[in-house]
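The structure under discussion appears below in the form of structure tokens.
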Amino acid sequence: ELKVEQNPLFLSMQEGKNYTIYCNYSTTSDRLYWYRQDPGKSLESLFVLLSNGAVKQEGRLMASLDTKARLSTLHITAAVHDLSATYFCAVDIPGSARQLTFGSGTQLTVLP
Amino acid sequence: DGGITQSPKYLFRKEGQNVTLSCEQNLNHDAMYWYRQDPGQGLRLIYYSQIVNDFQKGDIAEGYSVSREKKESFPLTVTSAQKNPTAFYLCASRWGASNQPQHFGDGTRLSIL
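Chains as they are written, first to last, in the numbering used here: chain S, 582 to 693; chain D, -2 to 110.
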């Protein structure tokens, strides 16, 4: 059974600071997705990582994938309040009818 | 605009009642999915469908049923056998075998009366 673990589960940070969210998974996969969810809202796709060493950046967020370590990171640079949300990673198992297994989410609060 | 429409936004269920959540997409996606999200938790897969007239159970299918009679539509019925139905339900879709991310609807929040 695939397990996807995120840490930390809760993160409070000051505006302007940097931090990293980690996503570990237990089974070989080379497809990993990051989503953002605002309170009471749906999920918005942020990044699609499809190979070992993949790196994607959008604004103050950068995601990377290390398939050998079964680890993805979401790095936040110079955080701003608008980044406050819950961030989920999800792993896609090839041959599994393209199901996604989600981590528990990291609830990020950026304080002024 | 293309997208996924879920309705209703809020739904209340009485004891012993079945309720149906609607999910419609006009993205021409082959695959559709239903997830359940409990407060402070990640998403858990209930059912998924890769093509019309075919669907498979996910991790928590007990107490739920689905149909896929049309490509655009994937309704979820929460039956009276689901003893703890209070949750946020999200529908998603994706191109059948692509690497593209799943697209999500806005969700339905179901509560017990």
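Think of the CB as a built atom: it goes at the ideal place given N, C-alpha and C, for glycine as much as any other residue.
Item to check | 8 angstroms contact criterion, which Phe628(S) and Lys637(S) should meet: CB distance rounded | outcome: About 4 angstroms separates the two Cβ atoms, so the contact holds.
Checklist entry - Nearest chain S C-beta to His100(D) closer than 9 angstroms, yes or no? => result yes
Checklist entry - Which residues in the same chain as Tyr45(D) place their Cβ atom closer than 8 angstroms to its Cβ, once the five residues preceding and following it in sequence are excluded? => result Ala28, Met29, Tyr30, Trp31, Phe52, Gln53, Gly55
Next on the checklist: I'd like the ranges of any beta strand (DSSP E) spanning at least 3 consecutive residues and lying wholly in the stretch 47 to 96 of chain D.
Outcome noted: 51 to 54, 61 to 63, 73 to 75, 84 to 91
Checklist entry - On the premise that Cys20(D) lies in contact with Ser70(D), defined as a C-beta separation below 8 angstroms, what is that separation, rounded to the nearest angstrom? => result That pair is a contact at about 7 angstroms.
Item to check | First and last residue of the uninterrupted beta strand (DSSP E) at His656(S) | outcome: 652 to 657 is the extent of the beta strand (DSSP E) around His656(S).
Checklist entry - Whose CA, out of Ser95(D), Phe85(D), Arg91(D), Ser64(D), lies closest to the CA of Asp103(D)? => result Phe85(D)
Checklist entry - So, Ala660(S) versus Lys598(S), is the Cβ gap smaller than 9 angstroms? => result yes
Next on the checklist: Quick check on Val636(S) - is its C-beta less than 9 angstroms from some C-beta in chain D?
Outcome noted: no
Next on the checklist: With three or more beta-carbon pairs closer than 8 angstroms as the criterion, would you say the stretch 0 to 14 of chain D touches the stretch 639 to 651 of chain S?
Outcome noted: no
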